[in-house]
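Novice: First, the structure itself, so that you have it in front of you.
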Amino acid sequence: MKLLEEKRTERRTQQSRLEKLVEEGEQLRRKRNELKMELKNNEIMINNYRNRYNTLSQMRKNVHGDEKEVSSSLASLDEWKSRVNESEKELQSLEAILATANQKNDIVKNDLMTLKPYSEEATELKRMYAEERSLEIQLDEAKSKLRSLQLEKNGEVVFDNSEE
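Position in the sequence shown counted from 1, then plus 46, gives you my numbering.
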């Protein structure tokens with residue numbers, strides 16, 4: 047009995063250790079992923095610093111700097127600024143068009159909302175026509191029954207067609 051208890055205790059201890067190890071493994075995986083992200087970020091920063099260093103060392107070689115390069119860079123910068131401004135204007139224009147389209151869509155939606163009751167009325171009219179047809183059939187059957195009862199009352203022969 048004690049041996050069984052000891053095995054159960056040992057098994058619980060092992061399960062507890064296993065759970066702790068699994069948890070530690072998950073923590074280590076998370077830490078590894080964090081370190082990978084940090085390493086990627088550091089590599090990006092290193093590349094950026096390397097590019098800056100190369101740019102600065104080239105500028106240092108040309109003490110006065112290459113005027114053509116500077117002027118072309120400025121021209122490129124101005125070109126990009128104008129492109130950005132044009133894009134912003136185009137975006138504003140498109141947003142205005144979108145707002146106008148949304149307003150027109152709202153008007154059409156409201157118009158459709160007013161049409162909805164008419165469609166309900168049309169459905170009600172169809173239902174009433176169907177009910178009228180049903181009542182006409184019932185009236186015809188009642189008239190037929192009345193005629194057959196009158197004929198019976200008068201002693202004439204009646205053929206019952208409803209059983210066929």
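In this text, a Cβ means the ideal position worked out from N, Cα and C, and glycines have one as well. Computed from a predicted structure; not experimentally measured.
(1) What does the alpha-carbon distance come out to for the pair ALA142 and TRP126?
(2) Give the secondary structure of MET105 by DSSP, where H, G and I count as helix, E and B as strand, and everything else as coil.
(3) Give the straight-line distance between the Cα atoms of LEU50 and GLN60, rounded to the nearest whole angstrom.
Specialist: Checking against the coordinates, here is how it stands:
(1) By 1-based counting over the sequence shown, the position of residue 142 is 96. By 1-based counting over the sequence shown, the position of residue 126 is 80. Across the structure, ALA142 and TRP126 are spaced so that their CA atoms are roughly 24 Å apart.
(2) Within the sequence shown, numbered from 1, the residue matching residue 105 stands at position 59. Helix.
(3) Position 4 of the sequence shown, counted from the first residue, corresponds to residue 50. Position 14 of the sequence shown, counted from the first residue, corresponds to residue 60. Cα-Cα distance, rounded: 15 Å.
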